[in-house]
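Below: one structure, written as structure tokens.
Protein chains: 2
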Amino acid sequence: MAINFKRFFKRLEDINNLKNKSFEKININRIALTLDDKIARDKIIIWMKNLNLSIKIDNIGNIFGFYNFKKNTKPILLGSHIDTVRNAGRFDGSLGVIGALEVLEALIKKNVTNKPIGIAIFTNEEGVRFTPDMMGSWSFTKRENINKIYKIKDNNNITIKDALKKIKYLGKEKQLFFKPRMFLELHIEQGPILDIEKKNIGIVKGVQAITWLKVVLFGKSNHAGTTPMSNRRDPIKVFGEVSSYINSFKSDRKQQMITIGSLNIEPNQVNVIANKIEFTLDIRNPNDKKLVQFENNLNKKIKELCFANNIKYKVDKLVNFPSVKFDKKINKVIINKSKKLKYTYLELFSGAGHDAQMLANICPTSMIFVPSEKGISHDSKENTKKSDIKKGLNLLYNVTKELLKE
Amino acid sequence: MAINFKRFFKRLEDINNLKNKSFEKININRIALTLDDKIARDKIIIWMKNLNLSIKIDNIGNIFGFYNFKKNTKPILLGSHIDTVRNAGRFDGSLGVIGALEVLEALIKKNVTNKPIGIAIFTNEEGVRFTPDMMGSWSFTKRENINKIYKIKDNNNITIKDALKKIKYLGKEKQLFFKPRMFLELHIEQGPILDIEKKNIGIVKGVQAITWLKVVLFGKSNHAGTTPMSNRRDPIKVFGEVSSYINSFKSDRKQQMITIGSLNIEPNQVNVIANKIEFTLDIRNPNDKKLVQFENNLNKKIKELCFANNIKYKVDKLVNFPSVKFDKKINKVIINKSKKLKYTYLELFSGAGHDAQMLANICPTSMIFVPSEKGISHDSKENTKKSDIKKGLNLLYNVTKELLKE
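This is how it looks when you write it as structure tokens:
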């Protein structure tokens, strides 16, 4: 077999600092543009240089490593991200980056091709410190002007540009400084479907639409023991009803996902009625129209509840990405190769957002999923069986080899 | 008139650092046992020394200033607290302390009495940094062993004993080192009733029972975009239903107060289902049995909701004070004096907890309320009309004078 799994797992262990750690102690916090992110970037660049890849860094800190890339040629691009959420697992993102490096190394050492091929490591896919998520691929594919992106700040008022400078990854290459021939991303599913259906591989038809809203409800602070219930303007009351409304859709809207993930109240004291509650809504649906319809109904409901309870409010849209369909030709190659390798597979939509959905705007794109045990993700208990990781990697190698022939 | 209102307002301005501040800029944060608390304590002790009062500090930092107090005599005690909540108004607590000082000064300078009389400043009435609230009067009246109280810690793991040492208010006097003949506390209502009913004075029949609960719901963190709604263990869902349940009692339980004042979730990220939510419940009722009944129903409801949603939980009781009835004889004197002074008045229960409810355990006790504009309290917009403050002070003077005759 062309792939060196030992090397792959050693590199993964290395960037995640997993040496001598028991599974229970895994706790990865490689938030984008922190020192931990920089350390991992530096390591991967050394590995890429050892392969004689030419390194390019663009103006949002995306790292590219090219083999045989000349001007006016279009490389096949493989890759993903290495930033993580807080208390993350080891595979989310890193699998697609270290996996791409391994595939490239195997292709080069086997002298498979002279065609241009590249690896991409996209900045800030998770959006933990800087919003929106998928920021690196969003910028590379020119979804937004770079100077507007530079103004985005974290909670400590540090701009993305200053954070890039600080870790020395503010690169010179412009947005879309080259056009990939196609893009392919290997990733864990981050959901339970492949695990439940006992399949090795997910063929990804596309990514569902995502909207993030931030809702702020403004009430009136007052003493918890002296203010009659009927005289209150308590934003918690409205929040509770919004939460109940959201969860009432559980049974009849199977594909609608809604999550209240972040929640903060002021002044946050036992004996004081809150004057303000801020919360986020993560809304996803494979069908753009249904998502908009749900969002409209939700907005209407919030308006009604706030009016009835004398609560002022505002709703800001933090993120809004439409659904994306992946390339059918690439998926056909993935299906054929899976069959040939006797890997079981399933076609599905991605519930999570991925850099691939940005790349789909500029070139034929698809993804390969491997199963997540119990569907656990964005948590230190996230895991994929070693045998499934190996199958995913081997499939990525074989599909890339096939695509290079075209 | 015996009372020097100018001196009173100057002192209030002085301890609240209000000099040259417009009403909009008032923002008092004199949290118990912080430097701000110490500065105010030091100022008041100087004023008490100027009156030749003998100063005693007990082992929880309560400050007492006595006039003509000898061993085995029982002084009439006036007082309240000077610690505040965050972003507080100027009168909550301070009115009863600076008011008591003013009444004592007037009585002394008018040579009204030779009988012993004292002022009390009780430590940590608000319970913001250290729980429970009313800690100083709770300790003085021996509701709990001092060594148990010393172990109480703030969120930074600092014990109450170390905090007292740090501001140099760990005194030598033991719990209940003297027995007051009676206790009288002047305080703002902190509720809207006197303001709505347009009365000058509140005659306080007692204090409603208070229970503070801390509820923790444990769910399962997971990816917001890939975890089907039916596979989730989201504690926010249960929280929303608990909030809706609580607020459904609004109409049919007029005297039941319930507040969710404090709320924290983990990991608090837009795209991650929460694994934990912690919130507090402040429950009050003038009727002890009804409070217990409500608490039992609530516990049952939480249990049912957690079971139905596969959520683990725990409920801790942070505070539990039964209702208190104040002294009818003292209240009769307050009513008679109000009539004589032609102040309008109303008999009512206190919605808030007060040091007086602790003192009621050891001596005849009552309170005088003055109106709070719009019922606003525990907020920088808390206010009482100057004319009402003057009436309250004048009434405290006249009632104390009358009680000294007995």
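Protein chains in written order, with my numbering: chain A, 188 to 593; chain B, 188 to 593. For glycine and all other residues, C-beta sits at the position ideal for the given N, C-alpha and C.
Checklist line | Residues that N455 of chain B contacts on chain A, provided the C-beta gap is smaller than 8 Å | finding: Those within 8 Å of N455 of chain B in chain A are G448, S449, L450, N451.
*Backbone secondary structure at N518 of chain A - three-state DSSP*: Residue state, collapsed to three classes: helix.
When you compare the CB positions of M369 of chain A and I517 of chain A, do they come within less than 8 Å of one another, or not? Less than 8 Å divides the Cβ of M369 of chain A from the Cβ of I517 of chain A.
message = By DSSP's criteria, D245 of chain B is part of a beta bridge. Which residues make up the other side?
response = Residue pairing by DSSP places D245 of chain B opposite B:E360 in a beta bridge.
Contacts that E171 of chain A makes with chain B (C-beta to C-beta distance below 8 Å):
Here chain A has residues from 188 to 593 only, and residue 171 of chain A is not among them.
- Message: Quick check on DSSP: helix, strand or coil for D229 of chain A?
- Response: Assignment of D229 of chain A by DSSP, reduced to helix, strand and coil, places it in the helix class.
* Asked: A461 of chain B touches chain A at which residues, Cβ-Cβ below 7 Å?
  -> The contacting residues are G448.
Kindly say whether G358 of chain A, judged by its beta-carbon, lies nearer than 8 Å to any beta-carbon of chain B. G358 of chain A is outside the set of residues whose beta carbon lies under 8 Å from a beta carbon in chain B.
Since I believe I521 of chain A is in contact with I555 of chain A (beta carbons under 8 Å), could you give me their beta-carbon distance rounded to a whole number of angstroms? Right, the Cβ-Cβ distance comes to about 6 Å (below 8 Å), so this counts as a contact.
### Start and end residues, alpha helix (DSSP H) containing A543 of chain B
Per DSSP, A543 of chain B belongs to the alpha helix (DSSP H) from 542 to 546.
Looking only at C-alpha atoms, which of B:D270, B:D245, B:L240 sits nearest to G305 of chain B?
Ranked by how close their Cα comes to the Cα of G305 of chain B, the residues B:D270, B:D245, B:L240 have B:L240 in first place.
- Message: Using a 10 Å radius around the Cβ and a threshold of 16 neighbouring Cβ atoms, would you call E372 of chain A buried or exposed?
- Response: Buried, since its Cβ has 16 or more Cβ neighbours within 10 Å.
Notebook entry, point to check: Is there at least one Cβ from chain B nearer than 8 Å to D439 of chain A's Cβ?
Noted result: Only weak support is given to the placement of D439 of chain A: the predicted model assigns it a pLDDT of 42, under 50, and the question is left unresolved by the model.
Does E569 of chain B come out as helix, strand or coil in the three-state DSSP assignment? Three-state DSSP puts E569 of chain B in coil, outside helix and strand.
Which of the three DSSP states, helix, strand or coil, is assigned to L580 of chain A? Helix, per DSSP.
For the region 560 to 576 of chain B against the region 405 to 423 of chain B, do three or more pairs of beta-carbon atoms, one drawn from each stretch, fall closer than 8 Å, so that the two count as touching? Because the criterion of three Cβ pairs below 8 Å is not met, the region 560 to 576 of chain B and the region 405 to 423 of chain B do not touch.
_Nearest neighbour of Y254 of chain B, chosen from B:T414, B:G248, B:N237, B:H268 [CA to CA]_ = Nearest of B:T414, B:G248, B:N237, B:H268 to Y254 of chain B, Cα basis: B:N237.
Worksheet item: Which residues bound the beta strand (DSSP E) around G252 of chain B?
Response: Unbroken beta strand (DSSP E) run through G252 of chain B: 250 to 254.
- request: Would you kindly report the start and end of the unbroken alpha helix (DSSP H) that includes A287 of chain A?
  value: Counted as a single uninterrupted DSSP element, the alpha helix (DSSP H) harbouring A287 of chain A occupies residues 281 to 296.
Next item on the list: Use the C-beta contact count for N274 of chain B: other C-beta atoms within 10 angstroms, 16 or more gives buried, fewer gives exposed.
Entry: A residue is called buried when at least 16 other Cβ atoms come within 10 angstroms of its Cβ; N274 of chain B meets this threshold and is buried.
What do you get for L485 of chain A, buried or exposed, if any count of 16 or more other CB atoms within 10 angstroms of its CB means buried? So L485 of chain A counts as buried.
- [ ] Could you tell me whether any Cβ in chain A is nearer than 8 Å to the Cβ of W399 of chain B?
- [x] Interface criterion met: the Cβ of W399 of chain B is under 8 Å from a Cβ in chain A.
In terms of residue numbering, what span does the alpha helix (DSSP H) encompassing D469 of chain B cover? Looking at the DSSP string, D469 of chain B is not in any alpha helix (DSSP H); the run it does join, the beta strand (DSSP E), is 463 to 472.
**Prompt:** Can you list the residues of chain B that L424 of chain A reaches, using a CB-CB cut of under 7 Å?
**Reply:** Note that residue 424 of chain A corresponds to Lys in the displayed sequence, not to Leu. What K424 of chain A touches in chain B: S430, N434.
| message | Give me the chain A residues within the contact set of N315 of chain B, using Cβ-Cβ distance strictly less than 7 Å, ordered along the chain. | response | The sequence shown places Val at residue 315 of chain B, rather than the Asn named in the question. Within chain A, Q456 have C-beta atoms less than 7 Å from the C-beta of V315 of chain B, given in sequence order.
Whether M524 of chain A touches N585 of chain A by CB criterion (8 Å): Met is not the amino acid found at residue 524 of chain A; the sequence shown has Lys there. Taking C-beta atoms as the reference points, K524 of chain A and N585 of chain A count as a pair closer than 8 Å.
Next on the checklist: Measuring only the C-alpha atoms, how far is G538 of chain A from K340 of chain A?
Outcome noted: So the alpha carbons of these two residues sit roughly 27 Å apart.
Within 8 Å, strictly: CB atoms of D270 of chain A and E560 of chain A
With a cutoff of 8 Å on beta-carbon distance, D270 of chain A and E560 of chain A are scored as not near each other.
**Request:** Taking the CB atoms as reference points, tell me whether G276 of chain B and I213 of chain B lie closer together than 8 Å.
**Result:** It is a contact, given that the beta carbons lie within the stated cut-off.
- Task: Anything in the region 267 to 278 of chain A with a Cβ closer than 8 Å to a Cβ of chain B? List those residues in chain order, please.
- Result: Within the region 267 to 278 of chain A, the residues whose Cβ lies closer than 8 Å to some Cβ of chain B are V272, R273, N274, listed in chain order.
query: Quick one: Cα of N216 of chain B to Cα of V272 of chain B, how far?
result: Using only the alpha carbons, I get a separation of about 6 Å.
message = Using CA atoms only, rank isn't needed, just tell me which of B:L468, B:G406, B:I498, B:S431 is closest to I460 of chain B.
response = Out of B:L468, B:G406, B:I498, B:S431, the CA that lies nearest to the CA of I460 of chain B is found in B:G406.
**Prompt:** Taking Cβ to Cβ, would you say V402 of chain B is nearer than 8 Å to I489 of chain B?
**Reply:** Yes, these two residues count as a Cβ contact at 8 Å.
Given that N418 of chain B touches chain A, what residues does it touch there, using C-beta distances under 8 Å? Within 8 Å Cβ-Cβ: P379, G562.
Whole-angstrom distance between K526 of chain A and G283 of chain A, CA atom to CA atom | Those two C-alpha atoms are separated by around 22 Å.
Q. If you draw a straight line from the C-alpha of T552 of chain A to the C-alpha of R316 of chain B, how long is it?
A. If you draw a straight line from the Cα of T552 of chain A to the Cα of R316 of chain B, it is about 55 Å long.
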